[in-house]
Structure formats: structure tokens, C-alpha cells
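Residue numbers (the numbering used here), protein chains in the order written: chain A, 8 to 121; chain B, 8 to 121.
Following: one structure in C-alpha cells, then a few remarks.
This is how it looks when you write it as C-alpha cells:
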């Protein structure tokens, strides 16, 4: 079956540090890939996405590139802020199946200290 | 648009009680789904629906029922609550008639079963 593996957290960084959160996936075929963010006490919000190999998704200074050869979709940001503290979920989705549900990784908690 | 709404935000049940978690969306989305979020496990699919009158099981359907009588509403019923159903529940919807396939999430319902 399909699966998503993320690095375990929490990840603790100082403000303005560089962020990488690793994400790899296992799937038959070529899914769409997503990063969702969950701020404390809230639901999930889409952060960025990529729908085919070599696509780069970007939003709010975050970037991730769909790497088919390494089945990865690592999240990066050059300079984190305290307001980026949240839980980040990597996920995949196929549109050509009946289920069409997202398959999530376990989430990575990011804590940014001033 | 209100987006995806869920009620209640919090609920405490005793073992064996039943209840319904409400979910509604005003975006005319055909696809709706329910996930549960447990620590360290990401989100797991409970049930989903590809349109009014059509529902199907996800990864963890036992103990839950759903129905989809209208496009807007997708309630989740707990038939006889158990402590293992203590979790945060998220409803999501998407417009899969377009190639842009983001799922929109509600704010969640935090359920505790004693």
C-alpha cells in the first residue's frame, strides 16, 4: 500500500535558522504530494503542493520539490520565524482511484525559539 | 463562504453512548471524508463519500457510520462509544471535478470517551 514517512520531531530551531523536514513516500505510480500545516488548536491548512515529478511547490517562504528518483518531497525554509511553530504533515494523494483520500505521514512538530 | 464547519468542538462521552459529529461545507464539493488524528499516527481515513447517496469505508471504519443525503452534509455517527475512539476528528472536502485537488479541512472535534 501507499505510505509516507517523515522525520520525527520535535524539531527545535532558533529564529532565522534554516529548516529542513524530510519526507519520503512509497507508492505504486505517481501521486500528487502535499505539505499541510496545523497550528495549535486548528485544523489542517494546505501549505504547498506538487502534482508531477520535478515540480516545486512554494508558499510563505517554504519550498518542496517532487523528486521521483528518490521518492522524496522535503520541506525547506531559509529563515524560520516564531510564527512558523506548528505541526507539519507530508501527504500523498491519487486521483485515479475510488478512494482519493490523502495518505499522511505522522507529522513533525516544529518549535521556533526567539 | 464558511468553508468546512464541524460541530461540536469538544465532546465528552461515556462508554456505550452514541452521538453524531456534524460536518457541513458550502463549496458544493462532491468529495467529503472523515479522518481521525491520534498522537504519532498522522491522520487516518474513517469513511468517505464521492457524492450524495454514495459512501464507502476507509482505513479505520469500525464503530462508525456515515450517510450523505445532501451534497452539503456528511455526519459521522458513533454507535457505541469506546475509549479507543478518543481522538480528534477532522472532516474534509474537495472539488475533484477540477485537476486542482486540494482538500479543505474543518477545525476538528475533540472527543473524549471515558
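Each residue gets a CB set at the ideal place from its N, CA and C atoms; glycine is no exception.
Computed from a prediction, not measured in an experiment: that's the story for all the values here.
**Report entry** Segment limits, beta strand (DSSP E) that includes residue 18/A
**Finding:** Walking along the first chain from the start, residue 18/A turns up at place 11. Where residue 18/A is concerned, the enclosing beta strand (DSSP E) stretches over 18 to 21.
Query raised in the report: Terminal residues of the continuous beta strand (DSSP E) containing residue 8/B?
Result: Taking the first residue of the second chain as position 1, residue 8/B is located at position 1. That residue, residue 8/B, is in no beta strand (DSSP E); it is neither H nor E in DSSP.
Query - chain A contact residues for residue 17/B, given Cβ-Cβ distances below 8 Å - result: Locating residue 17/B in the second chain gives position 10, where the first residue counts as 1. Close to residue 17/B, with beta-carbon spacing below 8 Å, lies no residue of chain A; the smallest spacing is near 11 Å.
Report task. With a cut-off of 8 Å on the beta carbons, I'd call residue 102/B and residue 34/B a contact; round off their distance for me. Result -> The residue you call residue 102/B lines up with position 95 of the second chain. The residue you call residue 34/B lines up with position 27 of the second chain. Rounded, the Cβ-Cβ distance is 7 Å, consistent with contact.
Query - Length at least 3, wholly inside the stretch 54 to 92 of chain A: the beta strand (DSSP E) runs in chain order - result: Here the runs fully enclosed are 63 to 66, 69 to 72 and 82 to 84.
Query raised in the report: Quick one: what does DSSP say residue 24/B is sitting in, helix, strand or coil?
Result: Within the second chain, residue 24/B is the residue found at index 17, counting from 1. Here residue 24/B sits in coil by DSSP.
**Report entry** Contact under 8 Å by Cβ, residue 25/B with residue 83/B
**Finding:** Taking the first residue of the second chain as position 1, residue 25/B is located at position 18. Taking the first residue of the second chain as position 1, residue 83/B is located at position 76. Result no, Cβ atoms of residue 25/B and residue 83/B do not sit closer than 8 Å.
**Report entry** Contained beta strand (DSSP E) runs [length at least 3] in the stretch 70 to 101 of chain B, N- to C-terminal order
**Finding:** You should have 71 to 73, 83 to 85 and 94 to 101.
Report task. Leaving out five residues on either side along the sequence, give the residues of the same chain with a beta carbon under 6 Å from the beta carbon of residue 121/B. Result -> Here residue 121/B refers to the residue found at position 114 of the second chain. Only 21 meet the Cβ criterion.
Report task. Within its chain, find whatever has a CB closer than 8 Å to the CB of residue 8/B; leave out the 5 residues flanking it on each side and keep chain order. Result -> In the second chain, counting from the first residue as 1, residue 8/B sits at position 1. Cβ neighbours of residue 8/B beyond the five flanking positions: 33 and 34.
Query raised in the report: Under 9 Å Cβ-Cβ, which residues of chain A neighbour residue 109/B?
Result: By one-based count along the second chain, residue 109/B stands at place 102. In chain order: 41, 53 and 56.
Query raised in the report: So, is the C-beta of residue 81/B closer than 8 Å to a C-beta in chain A?
Result: In the second chain, counting from the first residue as 1, residue 81/B sits at position 74. No, residue 81/B lies away from the interface with chain A (no Cβ there is under 8 Å from its Cβ).
Query raised in the report: Is the Cβ-Cβ distance between residue 97/B and residue 50/A less than 8 Å?
Result: By 1-based counting over the second chain, the position of residue 97/B is 90. By 1-based counting over the first chain, the position of residue 50/A is 43. Yes, the pair counts as a contact, with Cβ atoms nearer than the cut-off.
**Report entry** Buried or exposed (CB count within 10 angstroms, at least 16 for buried), residue 91/B
**Finding:** Working through the second chain from its first residue, we reach residue 91/B at position 84. The residue in question, residue 91/B, is exposed, as its Cβ has fewer than 16 Cβ neighbours within 10 Å.
Report task. Name the two residues that bound the continuous beta strand (DSSP E) containing residue 107/A. Result -> Start at 1 with the first residue of the first chain, and residue 107/A comes out as number 100. No beta strand (DSSP E) contains residue 107/A, which DSSP labels as neither H nor E.
**Report entry** Within-8 Å CB hit, residue 38/B to chain A
**Finding:** Along the second chain, read from residue 1 onward, the residue named residue 38/B stands at position 31. Closer than 8 Å to some Cβ of chain A, the Cβ of residue 38/B qualifies, so yes.
Query raised in the report: Excluding the five sequence neighbours on either side, which residues of its own chain have a C-beta within less than 8 Å of the C-beta of residue 98/A, listed in chain order?
Result: Within the first chain, numbered from 1, the residue matching residue 98/A stands at position 91. Result list for residue 98/A: 11, 40, 41, 42, 43, 109, 110, 111 and 112, in chain order.
**Report entry** Residue-chain proximity (residue 108/A, chain C), Cβ-Cβ < 8 Å
**Finding:** Absent from the structure is chain C; the protein chains it does hold are A and B.
Report task. Compare the C-alpha of residue 28/A against each of 121/A, 46/A and 71/A and name the closest. Result -> For the purposes of this step, residue 28/A is taken as residue 21 along the first chain, with counting starting at 1. When only C-alpha atoms are compared, the closest one is 71/A.
**Report entry** Cα-Cα separation, residue 9/A to residue 32/A
**Finding:** Taking the first chain and counting its residues from 1, one reaches residue 9/A at position 2. Taking the first chain and counting its residues from 1, one reaches residue 32/A at position 25. Separation of residue 9/A and residue 32/A (C-alpha to C-alpha, rounded to the nearest whole angstrom) is 8 Å.
Report task. With 7 Å as the C-beta to C-beta threshold (strictly closer), list the residues of the stretch 30 to 55 of chain B near chain A in chain order. Result -> 38, 40, 47, 48, 49, 50, 52 and 55
Query raised in the report: Can you find a CB in chain A that lies within less than 8 Å of the CB of residue 114/B?
Result: Locating residue 114/B in the second chain gives position 107, counting from the first residue. Yes, its Cβ sits closer than 8 Å to a Cβ of chain A.
Report task. Would you mind working out which of 47/B, 10/B and 13/B sits nearest residue 15/A, comparing C-alpha positions? Result -> Along the first chain, one-based indexing puts residue 15/A at 8. Measuring from the Cα of residue 15/A, the nearest candidate turns out to be 47/B.
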